[in-house]
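Visitor:
Numbering (the working numbering), first residue to last: 1 to 500.
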């Protein structure tokens, strides 16, 4: 890139929330990894990197945020800036597996690659859009598969995209791969030159798309909690268990993957409906149950968890958005859930099917009540009051973290091509997504443990557990993953039985 990126607009407060974390190394990237399958015959002998490069180039032309850098990310007022060209040899990396691996070994290899990617800071964010596509595949036809299997990772800066946007990227890439192959005329020698008149504009910040309102009572209460109550030291016994205090080093992302097979998914979701809840509240309760049973009552008397909430349904009608659900950007707030000492004791000592489902139902109602309040008196509307983001984050170092757990569920994407639902022979001759895994980096000033949930309609659901090395013991997370896999495989808790 030879020309200087041209400023488009300043980042909104929620976007600055993430750019300021990246500048300090506190949050580095999120990722969505989809497993694609395509019959070898569809490729017609074409080179896989060439096919992917053309599809990614066309996608960059469709999604304007993929062609913006972030200038002044360490300043108080960073800007999105458009670049004149992108070198796709940097943004797209194809990795060929050297040996034929079974799916278990392949997943282990993939998790190590994801951990390494999550640990990296984005270089030159002021000149180079901070995202990357990593494709991992075995280029040799196998006796085990009559299809090419590729794991395609989108790793991206959180100021450019939220979890839902990573799913939009993957379904849009699937759409490009299933179109007749057309290589953009502006792509030459791996360099994609952006048109002088872009195909679209980056979406406005969520503070413009969603009409937040703030009462004086909420404003006063928030300022009190942030600036006054912090001076009053709470007894340690009043704090929820949330791993070790906040510290930037060592920065090492750890990941574990729990996969719910497609057969178990249908039973699990049916059980959720029968018990008047959904998967997200159930995962909160099950993961915290596992933690409660593995931690002593003295160590963990209470928990605090949170759920990211998609704000796309709350976009104002005045904006000319064809489909709010397909807005690529950052549109998110959060809901917090308190598991007091009474709740935690019940999870630790009375983990029956009835108790688990009852708590999951209660949590579901809490989430519904939270949604009714949006966009009035929402905490994200207060981010605009933070003038010194660097100081805001550094002031948290060595202090207890607020949350034990985050459960982020972006739902299930459609992995089959459009308009082929009634034609199995067509579907079988096209690119498909057979699995989706969303994952997050270690969050220095965030929850001790994150569970990122993603699935494919009619296929498996993946739960990626992520944490910062040293903040929570690896053996503890291994135990949580074991419990979760066991409980998910049986379709969730069983009435009349204690959890095994």
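We put the beta carbon where it would ideally sit given N, CA and C, even for glycine.
1) At the level of alpha carbons, what is the spacing between residue 449 and residue 489?
2) Under 8 Å: do the stretch 453 to 461 and the stretch 262 to 270 share three or more Cβ pairs, one atom per stretch?
3) For residue 184 versus residue 347, is the C-beta spacing smaller than 8 Å?
4) By the DSSP assignment, the alpha helix (DSSP H) with residue 49 in it spans what residues?
5) Look at the Cβ atom of residue 94, then the Cβ atom of residue 135, and state whether they are nearer than 8 Å.
6) So the candidates are 478, 250, 483, 322; which of them puts its Cα closest to the Cα of residue 203?
7) Which same chain residues end up closer than 8 Å to residue 72 when comparing Cβ atoms and leaving out the 5 residues on each side of it in sequence?
8) Which class does residue 576 belong to by DSSP, given the choice of helix, strand or coil?
9) For the beta strand (DSSP E) containing residue 347, list its first residue and its last residue.
10) Using a Cβ-Cβ cut-off of 7 Å (strictly less than) and excluding sequence neighbours within five positions of residue 399, which residues of its own chain qualify?
11) Okay, do the stretch 429 to 440 and the stretch 22 to 39 touch, 3+ Cβ pairs below 8 Å being the bar?
12) Near residue 13, what residues of its chain come up, given a Cβ to Cβ distance below 7 Å and the 5 sequence neighbours on each side ignored?
13) Could you name the residues of the same chain whose beta carbon sits closer than 6 Å to that of residue 314, not counting the 5 residues immediately before and after it, in chain order?
14) Let me make sure I understand the geometry here. Which of 251, 40, 336 has the alpha-carbon closest to that of residue 309?
15) Taking DSSP as the reference, what is the three-state secondary structure of residue 326?
16) Using a threshold of 8 Å, state whether the C-beta atoms of residue 15 and residue 330 are closer than that.
17) What residue from 341, 159, 188, 27 has the CA that sits closest to residue 89's CA?
18) To which residues of the same chain is residue 276 closer than 8 Å at the C-beta, ignoring the five residues directly before and after it?
19) Measuring straight from C-alpha to C-alpha, what distance separates residue 352 and residue 305?
20) Apply the 10 Å Cβ neighbour rule to residue 431 and answer buried if 16 or more other Cβ atoms are within range, or exposed otherwise.
Guide: The structure says:
1) Within the chain shown, the letter at position 449 stands for residue 449. Within the chain shown, the letter at position 489 stands for residue 489. Taking the straight line from one Cα to the other gives about 22 Å.
2) yes
3) Residue numbering aside, residue 184 sits at position 184 when the chain shown is read from its first letter. Residue numbering aside, residue 347 sits at position 347 when the chain shown is read from its first letter. No. Outside cutoff.
4) Translated into positions along the chain shown, residue 49 becomes position 49. That run of the alpha helix (DSSP H) goes 48 to 62.
5) By 1-based counting over the chain shown, the position of residue 94 is 94. By 1-based counting over the chain shown, the position of residue 135 is 135. Cβ distance < 8 Å, so residue 94 and residue 135 count as in contact.
6) On the chain shown, residue 203 is found 203 positions in, with the first residue counted as 1. Ranking the options by Cα distance to residue 203, first place goes to 322.
7) As a first step, residue 72 is located in the chain shown; it is residue number 72 there, counting from the start. Counting only Cβ-Cβ distances below 8 Å, and skipping sequence neighbours, we find 78, 79, 126.
8) Not covered by the structure: residue 576. The range shown for the chain is 1 to 500.
9) Taking the first residue of the chain shown as position 1, residue 347 is located at position 347. Premise fails: residue 347 lies in the alpha helix (DSSP H), 341 to 349, not in any beta strand (DSSP E).
10) Looking up residue 399 in the chain shown gives position 399. The answer, listed in chain order, is 245, 246.
11) Contact between the stretch 429 to 440 and the stretch 22 to 39 is present, because at least three Cβ pairs lie under 8 Å.
12) For the purposes of this step, residue 13 is taken as residue 13 along the chain shown, with counting starting at 1. Excluding residues within five positions, the ones whose Cβ falls inside 7 Å are 207, 383, 384.
13) The residue you call residue 314 lines up with position 314 of the chain shown. Closer than 6 Å at the Cβ level, and outside the excluded window around residue 314, lie 210, 374, 375.
14) Here residue 309 refers to the residue found at position 309 of the chain shown. Scanning 251, 40, 336 for the CA closest to the CA of residue 309 turns up 336.
15) Taking the chain shown and counting its residues from 1, one reaches residue 326 at position 326. The answer is helix: DSSP assigns residue 326 an H, G or I state.
16) Position 15 of the chain shown, counted from the first residue, corresponds to residue 15. Position 330 of the chain shown, counted from the first residue, corresponds to residue 330. Yes, they are a contact pair.
17) One-based indexing of the chain shown puts residue 89 at position 89. When only C-alpha atoms are compared, the closest one is 188.
18) Locating residue 276 in the chain shown gives position 276, where the first residue counts as 1. Taken in chain order, the residues that qualify are 361, 364.
19) Walking along the chain shown from the start, residue 352 turns up at place 352. Walking along the chain shown from the start, residue 305 turns up at place 305. If you take the alpha carbons of residue 352 and residue 305, they lie about 21 Å apart.
20) Translated into positions along the chain shown, residue 431 becomes position 431. Residue 431 comes out buried.
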